[in-house]
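Data first, discussion second: the structure below is written as structure tokens.
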Amino acid sequence: MRRCLDFIQRTFFSLLPRTNYLKRLIWFGCLTVSIPIIIAGSAYYHFSIVKVSDQFKEDNKAALVLMKDRMENLMTNVEHDSLKISISSVVKDNIGKPGFKTDWFQQSGVQDLFLIHKNSNNLIDDIVFYEALSGIVLAQNYGYVTYDNYKSRSDLDAALNMNIPAGWVYLPEAAVNGYITYFRRLPILPSGQPQGALLVHVKEEVLKNNLTGYSTFSKNQSLLILDSNNKIILHSTNDLTWGKLAGDTVGLTDILKDETSSGQYLIKAQNGDSYIAVFQKSLLGRTYISLLPENELLQQVSWIRWLIVFTVAVFLIVGLLLTFFASRRIYNPIENLIKYGENLQGGRSIKQQGNEIEFLKSCLGHLNEQALALETYMQKTQPNLRDQLLRKFLKGFTGSGESLLRDCADFQIPTKGSFVVLITIVENLFKEKRFLPNEGAIVLFAVMNVIKELLTKSQLNGYVVENNERESITILHFDDSVPREQILQLTRTFAEEIKEALNKYLSFSVSNGVGGIYMDITRLSDGYHEAKAALQNRIFSDSQAILFFDELEPSAKQSLFFYPREQEKVIVEALSRGELVYAEKGLNEFAKTLRDSGSYNTIYQCYHVLLSSIIQSLEEQGPGVIDSLEGNWFDQLKARQTAREIYEWYIEIIFPLYQQLTEEFRKKSVKIAIQKVCKHIRENPGANHSLIESAEMIGMSPSYLSRMFKKEVGVAFIEYLTEYKVEKAKQSLQDTDLSVMEIAEVVGYSERNLNRAFQRYVGMSPKQYRVSNR
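Here the sequence shown stands for residues 13 to 786, numbered as in my numbering.
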């Protein structure tokens, strides 16, 4: 045994030697071919099973609906015929009627009625009418017979003993003769004991043929019909279950409990077989069930499994053969590469360290390092030359004429025609919760992608470049033949498309500034500055989302503008008092005054001055307040470009933050001041403390100190002072032999006032307290 294992081990390692890479390539090639084919084949088989299962369930459900409709039609017709016979006058009037036994005329009328209904419904094989008072039985097939002489009277007894007024049943004699019976107790309206019965016999085989007519998927498929009491009326494959409760069958309990009108389950039978069950419920309470063994479904797709096995085997064999020959063809060039390297060295042999594969790996590694170094160099020197060139034009650095033409020709940029610069800026990006403050580059990247896609779909020619992670700049180019009015209209339409697309797909509100029309690419910088100037007009009014520089009306500047110092004072004083409503009103007046200046730079500088005054006011609140500021407020103000953005920034950020910082400082200061008052009382228990004296000591008004003292300590100032003096006197009474008068002097009371305080807070006099505690 050991020799056999050693032989197998030697054979296996001989196939995978460490130095023979040809055999390694063959093995790796075989695995590369085999594993994907096996995985793909298994996945295809799995999805085929799922697809066939779903297809069966859908087909079976549709077939079950057709079968249900057909069987409901057949059975309902029988039930309807039974009802019409029961309510007919010839039957209804003779129930419990004396003399019916000898009334041959009435009996003939009943027989004729039976004949009419039997001929109108080919499912009905026999109709039996039993009248208990006269003791006669009228049958379509047997005619008139007395109850004692009727050979199937056990059927009548069984029907009359049932607890239901009507229904499909299997009666003892009728079932032996192959009938399923729809019986009805007479009269229809119950009045005590039944006085008769009407039996409609239908051949089981006829109903069964209609039932199995839709069982076309498999010969082992079973179809069941349950009545409203969950008894099995018909079973296409098992006659022994007819008339039994469906709840006794394993797996059907879930279907009976299901309150929906249709559905499907995977159930387990008593023998352990699995069935795919599909059910439909009718309006009359009957349930139609289709059962298909799960293994039958698998057999239907077994050909797929064998086809996959065959396909995998074929591909494996072909793959192995191709891998073997391809590996030989691959391995031979390895030696040729080594020889080619020696030729490059002038015939000198190349010193190899390790095997040939390691040598080639080292050579490829060296080449990869050189390629990465070259790529890094190219990225540093030529990041995006076309965009870089366009940004130079936008900034006004054009260089010499020859180099300009050469660079534009290299990047296929036209130099003549009509050029329009359009700048797109996202509004209120600060309120976006989807992005972090430092993710402006991501937002700009998304905006530029949308604009590039719109530019590609449109008939316009142009380029999209970015600037400082906030502006998306679109340069549109038009031929000389396009008139000025059409250029403006096309540009406006494209700007509208940008605004709508960004609002629809990214939920961004944007503003577009459009510069003038220039006939030379060297004038792009002028168009860029005009587009920026158009966007700056939002500082006066941000109601327009698309601003053309040529359409802006020159603002009427005031000849002499003074900074609104009074309105600034109103804002700062309102903030100091914590009255944000008045501060907001003051800011409205401040903004209105600035708009009248008509100067973008003036408005911006005034808002910076206001911010400086607010920060100075914070510093005046007390030491340490200014240290609580987070971030650079001036950078945040600079990032706001519109009047609405600046106004909302002051209202939503600066004013609430000012109030928060001042309130925290006030609370902290009040707490320290009250602690100082309490310490002064404890250190000087005999002094004549008062609320006014304490308020002067900490620089507060007496009323404010009284409110804050009760809020912080929990009791009023006088209560705290009295309680402390009483506690101090109680301690002296326990620990010293001083008299009550001396103790009263120590705590700053007269003996009389001390007695009153003890009676109020202790409930006894000082002397009584000393006696009780010694």
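For glycine and all other residues, C-beta sits at the position ideal for the given N, C-alpha and C.
Around the Cβ of A74, a 10 Å sphere holds fewer than 16 other Cβ atoms; the residue is exposed.
Taking 8 Å as the cut-off, the Cβ atoms of G539 and D491 do not count as close.
Between the segment 686–701 and the segment 729–741, the count of C-beta pairs closer than 8 Å reaches three or more; the two stretches touch. Fewer than three Cβ pairs drawn from the segment 467–474 and the segment 571–582 lie within less than 8 Å of each other, which leaves the two stretches out of contact. Secondary structure at A151: strand, using DSSP grouped into helix, strand and coil. Annotated three-state conformation of T503 is helix, per DSSP. Only buried fits R550, as 16 or more other CB atoms lie within 10 angstroms of its CB.
Assignment of D138 by DSSP, reduced to helix, strand and coil, places it in the strand class. Under the three-state reduction of DSSP, D491 is assigned to coil, being neither helix nor strand.
The alpha-carbon of V157 is positioned some 13 Å away from that of L168. Between I558 and T436, the CB-CB gap reaches or exceeds 8 Å. Here Y619 is buried, its C-beta having at least 16 other C-beta atoms within 10 Å.
Taken in chain order, the complete beta strand (DSSP E) segments of 3 or more residues contained in the segment 733–781 number zero; there are none. Counting C-beta pairs closer than 8 Å gives fewer than three between the segment 757–774 and the segment 722–730, which falls short of the contact rule. Under the Cβ criterion (8 Å, minimum of three pairs), the segment 99–117 does not count as touching the segment 72–90.
Taking C-beta atoms as the reference points, K737 and V752 fail to come closer than 8 Å. Between T534 and F405, the C-beta gap is smaller than 8 Å, which places the two residues in contact.
Relative to I139, the option among T323, S164, D160 and V526 whose CA is nearest is S164. Between the beta-carbon of V324 and that of I50 there is about 6 Å, and that keeps the pair under the 8 Å contact cut. Relative to the Cα of I666, the nearest Cα in the group S294, W180, E596 and Q382 belongs to E596. Burial check for S784: the Cβ neighbour count within 10 Å stays below 16, so the residue is exposed.
If one requires a minimum length of 4 residues, the alpha helix (DSSP H) runs lying completely within the segment 653–735 are 655–661, 667–695, 703–710 and 714–725, in chain order. DSSP places I61 within a helical segment (H, G or I) once states are collapsed to three. With distances taken between CA atoms, K215 lies nearest to G190 out of G190, S120 and Q205. Here D538 carries a helix assignment [DSSP, helix/strand/coil].
A contact between stretches requires three or more CB pairs, one per stretch, nearer than 8 Å, and the segment 55–65 fails this requirement with the segment 262–276. A281 has its alpha-carbon roughly 57 Å from the corresponding atom of G111.
Residues of the same chain with a CB within less than 8 Å of the CB of V462, apart from the 5 flanking positions on each side, are I510, A513, L514, Y517 and L518 in chain order. M460: not part of any beta strand (DSSP E); member of the alpha helix (DSSP H) spanning G452 to K469, first to last residue. Taking a contact to require three or more Cβ pairs closer than 8 Å, the segment 655–673 and the segment 687–697 do not qualify as touching. Per DSSP, reduced to three states, the secondary structure at L417 is helical. The beta carbon of S294 sits closer than 8 Å to those of K80, E84 and Y300, all from its chain and outside the five residues before and after it, given in chain order.
The beta carbon of S302 sits closer than 6 Å to those of N72, L76, L235 and V290, all from its chain and outside the five residues before and after it, given in chain order. In terms of Cα proximity to G527, the closest of L434, E465 and L456 is L434. Within the same chain, Cβ atoms closer than 8 Å to the Cβ of T614 are found at F573 and L606, the five residues on either side in sequence being excluded.
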